[in-house]
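The structure appears below as structure tokens.
There are 2 protein chains.
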Amino acid sequence: MSTRLAAARGVLEHLGLDGILVSDAYDVRYLCGFRGEDAMLVVGRTTALICTDSRYWAQVAEEVEGFALERTEALVRDSTAAAARELGERAALGFQGGTLTHADYRLLRRRHRGRLRDVGDKLSRLRGLKEPAEIEAVRRAAAMTDAALEAVVAGGLVGRTEAEIAWQIREELHRRGAEGPSFDTVVAAGPRGALAHAIPGQRRIVAGDLVVVDSGARVDGYCSDITRTFAAGELSDELRRVYAIVLAAQLVAVEALRPGVTGHAADKVARDVIEAAGYGDAFGHGTGHGVGLEIHEYPRLGRRSRDVLAPGMLFTVEPGIYLQDVGGVRIEDTVVLGEDGCRLLTLFPKELVTVG
Amino acid sequence: MSTRLAAARGVLEHLGLDGILVSDAYDVRYLCGFRGEDAMLVVGRTTALICTDSRYWAQVAEEVEGFALERTEALVRDSTAAAARELGERAALGFQGGTLTHADYRLLRRRHRGRLRDVGDKLSRLRGLKEPAEIEAVRRAAAMTDAALEAVVAGGLVGRTEAEIAWQIREELHRRGAEGPSFDTVVAAGPRGALAHAIPGQRRIVAGDLVVVDSGARVDGYCSDITRTFAAGELSDELRRVYAIVLAAQLVAVEALRPGVTGHAADKVARDVIEAAGYGDAFGHGTGHGVGLEIHEYPRLGRRSRDVLAPGMLFTVEPGIYLQDVGGVRIEDTVVLGEDGCRLLTLFPKELVTVG
Chain S
1 MSTRLAAARG VLEHLGLDGI LVSDAYDVRY LCGFRGEDAM LVVGRTTALI CTDSRYWAQV
61 AEEVEGFALE RTEALVRDST AAAARELGER AALGFQGGTL THADYRLLRR RHRGRLRDVG
121 DKLSRLRGLK EPAEIEAVRR AAAMTDAALE AVVAGGLVGR TEAEIAWQIR EELHRRGAEG
181 PSFDTVVAAG PRGALAHAIP GQRRIVAGDL VVVDSGARVD GYCSDITRTF AAGELSDELR
241 RVYAIVLAAQ LVAVEALRPG VTGHAADKVA RDVIEAAGYG DAFGHGTGHG VGLEIHEYPR
301 LGRRSRDVLA PGMLFTVEPG IYLQDVGGVR IEDTVVLGED GCRLLTLFPK ELVTVG
Chain C
357 MSTRLAAARG VLEHLGLDGI LVSDAYDVRY LCGFRGEDAM LVVGRTTALI CTDSRYWAQV
417 AEEVEGFALE RTEALVRDST AAAARELGER AALGFQGGTL THADYRLLRR RHRGRLRDVG
477 DKLSRLRGLK EPAEIEAVRR AAAMTDAALE AVVAGGLVGR TEAEIAWQIR EELHRRGAEG
537 PSFDTVVAAG PRGALAHAIP GQRRIVAGDL VVVDSGARVD GYCSDITRTF AAGELSDELR
597 RVYAIVLAAQ LVAVEALRPG VTGHAADKVA RDVIEAAGYG DAFGHGTGHG VGLEIHEYPR
657 LGRRSRDVLA PGMLFTVEPG IYLQDVGGVR IEDTVVLGED GCRLLTLFPK ELVTVG
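Taken in order, these protein sequences are the chains called S and C. Just so you know, we're using this note's numbering here: the first sequence kicks off at 1 and counts up by one. Just so you know, we're using this note's numbering here: the second sequence kicks off at 357 and counts up by one.
Structure (structure tokens):
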């Protein structure tokens, strides 16, 4: 934690600020260990405060070290006052415009007499480079989702509903000690597979369906994220071909990952395969996203991403093809980048598995 | 839905606006039925657009009626452009400063040439008055949590962990058809009961503990919210007394609820009982909050609330006493206000239940 706080202070010194008001809940947890909600940090060159209301004071005592507790009634008002007291009334103060609401910004602007600067995601990007213990937490979470997928295959698909399979995954994650899912599990069968973010429903899976299963577990706050697409019984030739295209795109993208590659270039490797096969319009999302305390974080692998991949970054690789009224395929791993390429943290096989 | 859209248009006409850019996800669902994320609405006097990216286009077709689909790549940029096209370049446009981030506001400000006005919670407040079908959904969700608490009592407390009990509730809610929990269940035993928002842990419950259990179910998107505090075996005299005080505060507050009472006055009824007993400092949160699609919504029952209670409002009544290193008591019902007072939707008994 003290290394992280030092890195945060590096950010504010680099930006010429006297302090930063940290409103992003994941950054709060990352910097001080607090697992609750409704807290802000005031980080100055020598100051470290956690500001929260009475619901959380005992929890702060349990979870947080190295930050003084500022007892608040109104979070933004009192945190702003604490920043002025600790850093000076005219302090140059950074804030996080991507998580602070505009209403809270206006409160801050009205009350703080010094300069304000939106630090964007500059602080949150510190979370992009993972420490070994963070990678290990994601690896443990990934092992749980691997096991949950094995259980799904063992339980069969045809005749079951999407909701039943989602619940089976939920139970497996609990049995294996996950804190919970890292996001709402997607189980999307047949035509519903064309909805990238489908809510599991009550339709029974029939032979010939592709079944997209996208799930994640949480361990020590850290998320895993894996998608596999199964064949329920025999597939049509078109669906087999679509599966093969997505698999090829995913494999070449994983293979191409190296330090120094941009998020744009990594996305292009996968996208080129899908476009060359004539399905470019059917791949409507980016190729991947960072994973950590937050399920979607820095870096991004996508058409507009300028992020540069570096050793220690942990992210997904997840191309897909979605055909309206027909079905979808997505294949997603969570990987960690090393000097020579990336290592898979999700290990469930990727060749097409046909399940009865 | 068309009644709701008409009410939203009433708000913008009342404020002299040409349209509102709706960013609050619960308002989006309330007005158009869309259950996904990452969408905005443009509501004008005759315009109704839902703006979202390709991940959700098929879902919009399934779930939304009466709104035209605006296909976006960058949500704020493209929604702002659509508003200008539909409402005029110089249109007076409302936005929701309590949910729009400051970064998104700046994008909006840079791109929209007309007047902008923060409508605050004026649109979200429409959700405060419930229709019969909404009350029925909450009632069904409340029946599920009642049943889950019965299962907890039947399963016993002493020797089990908080996490085991939280999982038992999760399973019961699933068995009874809930979409999921409406928030992370709190199970806080013994000294941990002093943490109003404790995360269930691995400590085993011992005789003499008070056990705070705060849970909710979700049905058709609507939330229930109930807290009961159980005695694990025989309690000390002090804890029995604290329980009796909180129960008295809860009962008189429920009894005092009438149309026209303010959130401040309702809070004061409960708080006076607790203060008179000498525990005023140990009741650090408000007495209640509205419940609906969102687990915490309009109205608020608290010291600073000016909300005026009206028939059809649905909210919690939940005083508590938290004694650091000793334990906590909270007793919470979800209620709906009628002309003559309120009706409980959560029906689990409130007298002290001692569980072995």
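Ideal Cβ positions, reconstructed from N, Cα and C, are used throughout, including at glycine.
Can you grab the Cα-Cα spacing for the pair residue 529(C) / residue 374(C), in whole Å?
Translated into the one-based positions of the second sequence, residue 529(C) becomes position 173. Translated into the one-based positions of the second sequence, residue 374(C) becomes position 18. Near 44 Å, if we compare the C-alpha coordinates of residue 374(C) and residue 529(C).
Is the stretch 135-145 of chain S close to the stretch 184-198 of chain S, with three or more CB pairs under 8 Å?
The stretch 135-145 of chain S, when compared against the stretch 184-198 of chain S, does not touch it at the 8 Å Cβ threshold.
Check whether the Cβ atoms of residue 327(S) and residue 210(S) sit closer than 7 Å, and answer yes or no.
Taking the first residue of the first sequence as position 1, residue 327(S) is located at position 327. Taking the first residue of the first sequence as position 1, residue 210(S) is located at position 210. Against a cut-off of 7 Å, the Cβ pair of residue 210(S) and residue 327(S) comes out as a contact.
Within the continuous beta strand (DSSP E) that includes residue 229(S), where are the two ends?
Residue 229(S) sits at position 229 when you count from the first residue of the first sequence. Segment 226-232, the beta strand (DSSP E) holding residue 229(S).
DSSP on residue 90(S), reduced to helix/strand/coil?
Along the first sequence, one-based indexing puts residue 90(S) at 90. Of the three classes helix, strand and coil, the one that applies to residue 90(S) here is coil, per DSSP.
Can a CB atom of chain C be found closer than 7 Å to the CB of residue 105(S)?
Mapped onto the first sequence, residue 105(S) falls at position 105. Chain C, which has a Cβ nearer than 7 Å to the Cβ of residue 105(S), makes this yes.
Would you call the stretch 162-169 of chain S and the stretch 340-347 of chain S touching, i.e. three or more CB-CB distances under 8 Å?
The stretch 162-169 of chain S vs the stretch 340-347 of chain S: no contact.
For residue 556(C), count neighbouring Cβ atoms within 10 angstroms of its own Cβ and tell me buried if that reaches 16, exposed if not.
Translated into the one-based positions of the second sequence, residue 556(C) becomes position 200. When all chains shown are included, residue 556(C) counts as buried.
Below 7 Å on C-beta distance, what does residue 111(S) contact in chain C?
Taking the first sequence and counting its residues from 1, the one referred to as residue 111(S) is at position 111. The contacting residues do not exist; residue 111(S) stays about 15 Å from chain C at best.
What residues of chain C sit near residue 72(S), judged by a beta carbon separation below 9 Å?
Working through the first sequence from its first residue, we reach residue 72(S) at position 72. In chain order: nothing, as chain C lies at least about 11 Å away.
In this structure, does DSSP put residue 46(S) in helix, strand or coil?
Position 46 of the first sequence, counting from 1, holds the residue named residue 46(S). DSSP places residue 46(S) in coil when its eight states are reduced to three.
Indicate whether at least one CB of chain C lies closer than 7 Å to the CB of residue 101(S).
Numbered from its first residue, the first sequence carries residue 101(S) at position 101. So, interface residue.
Tell me, which residues are paired with residue 40(S) by DSSP?
Locating residue 40(S) in the first sequence gives position 40, counting from the first residue. DSSP output for residue 40(S) lists 51(S) as bridge partner(s).
Please list the segments of the beta strand (DSSP E) lying wholly inside the stretch 578-632 of chain C, counting only runs of 3 or more residues, in order along the chain.
582-588, all fully within the stretch 578-632 of chain C.
Got a sec: is the Cβ-Cβ distance from residue 195(S) to anything in chain C below 7 Å?
The count along the first sequence starts at 1 and reaches residue 195(S) at position 195. Yes, its Cβ sits closer than 7 Å to a Cβ of chain C.
Answer with buried or exposed for residue 236(S), where buried requires no fewer than 16 other C-beta atoms within 10 angstroms of its C-beta.
Indexing the first sequence from 1 puts residue 236(S) at position 236. It counts as exposed.
Quick one: is residue 54(S) near chain C, going by C-beta distance under 7 Å?
As a position in the first sequence, residue 54(S) is number 54, starting the count at 1. Closer than 7 Å: yes.
Buried or exposed: residue 202(S), going by 16 or more other Cβ atoms within 10 Å of its Cβ?
Position 202 of the first sequence, counted from the first residue, corresponds to residue 202(S). Residue 202(S) comes out exposed.
Going straight from the alpha carbon of residue 562(C) to that of residue 181(S), what length do you get?
If you number the second sequence from 1, residue 562(C) lands on position 206. If you number the first sequence from 1, residue 181(S) lands on position 181. Approximately 29 Å, taken between the alpha carbons.
By the criterion of Cβ-Cβ separation under 9 Å, what are the contact partners of residue 199(S) in chain C?
Stepping through the first sequence from its first residue, residue 199(S) is reached at position 199. Per Cβ cutoff of 9 Å: 391, 392, 415 and 535.
Taking a contact to mean a Cβ-Cβ separation below 7 Å, would you say residue 341(S) touches residue 257(S) in this structure?
Numbered from 1 along the first sequence, position 341 holds the residue referred to as residue 341(S). Numbered from 1 along the first sequence, position 257 holds the residue referred to as residue 257(S). Yes, they are a contact pair.
What are the residues of the stretch 76-103 of chain S that lie near chain C, defined by any Cβ-Cβ distance shorter than 9 Å?
The residues in question are 95, 96, 97, 98, 99, 100, 101, 102 and 103.
Considering only residues of the same chain and omitting the five flanking positions on each side of residue 385(C), which have a CB-CB separation below 7 Å?
On the second sequence, position 29 is the one that residue 385(C) refers to. 391, 577 and 649.
Would you mind working out which of 287(S), 324(S) and 356(S) sits nearest residue 335(S), comparing C-alpha positions?
Taking the first residue of the first sequence as 1, we reach residue 335(S) at position 335. Ranking 287(S), 324(S) and 356(S) by Cα distance to residue 335(S) puts 287(S) first.
Tell me, to the nearest whole angstrom, how far the beta carbon of residue 428(C) is from that of residue 408(C); I am working on the premise that it is less than 8 Å.
Within the second sequence, residue 428(C) is the residue found at index 72, counting from 1. Within the second sequence, residue 408(C) is the residue found at index 52, counting from 1. About 6 Å separates the two Cβ atoms, so the contact holds.
For residue 652(C) and chain S, any beta-carbon pair shorter than 7 Å?
Position 296 of the second sequence, counted from the first residue, corresponds to residue 652(C). No, residue 652(C) does not count as interfacial toward chain S.
Is it the case that the Cβ atoms of residue 229(S) and residue 329(S) are separated by a distance below 7 Å?
Taking the first residue of the first sequence as position 1, residue 229(S) is located at position 229. Taking the first residue of the first sequence as position 1, residue 329(S) is located at position 329. Contact flag set, yes.
Assuming residue 455(C) and residue 145(S) are in contact, meaning their beta carbons sit under 8 Å apart, how far apart are those beta carbons, in whole angstroms?
Residue mapping note: residue 455(C) aligns to position 99 of the second sequence, counting from 1. Residue mapping note: residue 145(S) aligns to position 145 of the first sequence, counting from 1. Going by Cβ atoms, the distance from residue 455(C) to residue 145(S) rounds to 31 Å, so no, they are not a contact pair.
Can you confirm whether residue 641(C), when its beta carbon is compared against all beta carbons of chain S, has any partner nearer than 7 Å?
To locate residue 641(C), count along the second sequence from 1; it is residue 285. So, interface residue.
Between the C-alpha atoms of residue 11(S) and residue 470(C), what's the straight-line distance to the nearest angstrom?
What you label residue 11(S) is simply residue 11 of the first sequence in a count that begins at 1. What you label residue 470(C) is simply residue 114 of the second sequence in a count that begins at 1. Using only the alpha carbons, I get a separation of about 36 Å.
From residue 298(S) to residue 279(S), what distance separates their C-alpha atoms?
Taking the first sequence and counting its residues from 1, one reaches residue 298(S) at position 298. Taking the first sequence and counting its residues from 1, one reaches residue 279(S) at position 279. Roughly 27 Å separates the two Cα atoms.
Using a threshold of 7 Å, state whether the C-beta atoms of residue 625(C) and residue 581(C) are closer than that.
By one-based count along the second sequence, residue 625(C) stands at place 269. By one-based count along the second sequence, residue 581(C) stands at place 225. Going by C-beta atoms, residue 625(C) is not nearer than 7 Å to residue 581(C).
If you follow the alpha helix (DSSP H) that residue 365(C) is part of, which residue opens it and which one closes it?
Residue mapping note: residue 365(C) aligns to position 9 of the second sequence, counting from 1. Its alpha helix (DSSP H) spans residues 358-370.
Where does residue 606(C) land, buried or exposed, given buried means 16+ other C-beta within 10 angstroms?
The residue given as residue 606(C) occupies position 250 in the second sequence. Buried: at least 16 other Cβ atoms inside 10 Å.
Scan the stretch 320-335 of chain S for residues whose Cβ lies nearer than 7 Å to a Cβ of chain C and list them as they occur along the chain.
Residues passing the 7 Å Cβ filter: 324.
Express the C-alpha separation of residue 156(S) and residue 75(S) in angstroms, rounding to a whole number.
To locate residue 75(S), count along the first sequence from 1; it is residue 75. To locate residue 156(S), count along the first sequence from 1; it is residue 156. Spanning the two alpha carbons is a distance of roughly 50 Å.
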